[in-house]
Amino acid sequence: MKTMKLLAVGVALCFLVLSAAAEEKKADNAKLALGTWEVTKTHEGGPPKGGTVEFTKDGKIKVSGEVDGMKHSFDGTYKIEGKKMVLTFKIGDAEQSVELTIDKLDAKTFATTSSNGKVELTRKK
């Protein structure tokens, strides 16, 4: 009986450690995203190649770039939970949200996929 209790406690501890590690990983994505990134690969209708995307600590995002010689800039908000990311922009009177899956996020590369296609960013600073 004592062995069963020890086994149950051991299994419970393993679950606690694994869930804590998963929570830490989620926080890592939010921290790793912070800063300014350059768009290196994009899809049609996505952020312009060579443009910048800036993520701030307070959950704000700024996308800037040039399309056909015209400079554009969009401000919005973002939320990261694990490998899921939601971007929300106000364009005119309408609010648009885009759901992304984080494919890769490390100190140098930030790659995402949405229903529109893939985008890859490289850290600027």
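The sequence shown begins at 15 in my numbering and counts up by one.
Cβ coordinates follow ideal geometry from the N, Cα and C atoms, glycine included.
Which residues does DSSP pair with residue i in a beta bridge?
i    : result
K118 : A125
K138 : According to DSSP, K138 bridges with nothing at all.
Evaluate residue i with the Cβ neighbour count: other Cβ atoms within 10 Å of its Cβ, from every protein chain shown; 16 or more gives buried, anything less gives exposed.
i    : result
V77  : buried
V133 : buried
Y65  : Reading off the sequence shown, one finds Gly at residue 65, where the question assumed Tyr. Buried: at least 16 other Cβ atoms inside 10 Å.
I94  : buried
M99  : buried
L119 : buried
Excluding the 5 residues flanking residue i on each side, which residues of the same chain have their C-beta closer than 8 Å to its C-beta?
i   : result
G49 : E68, F69, R137, K138, K139
Can you tell me the Cβ-Cβ gap for residue i and residue j, rounded? I've got them flagged as a contact below 8 Å.
i    : j    : result
T126 : T115 : 6 Å
K63  : V53  : 5 Å
G131 : G60  : 6 Å
F90  : I75  : For the record, residue 90 in the displayed sequence is Gly; it is not Phe. That pair is a contact at about 5 Å.
Can you find the residues in the same chain that come closer than 7 Å, C-beta to C-beta, to residue i, ignoring five residues on each side of it along the sequence?
i   : result
K71 : L48
Less than 6 Å between C-beta atoms, sequence neighbours within five positions excluded: which residues of the same chain meet that for residue i?
i    : result
Q110 : F103
F88  : V77, F103
Ignoring anything shorter than 3 residues, give me the beta strand (DSSP E) runs that lie fully in the region 36-105, in order along the chain. 49-55, 66-69, 74-81, 84-95, 98-105
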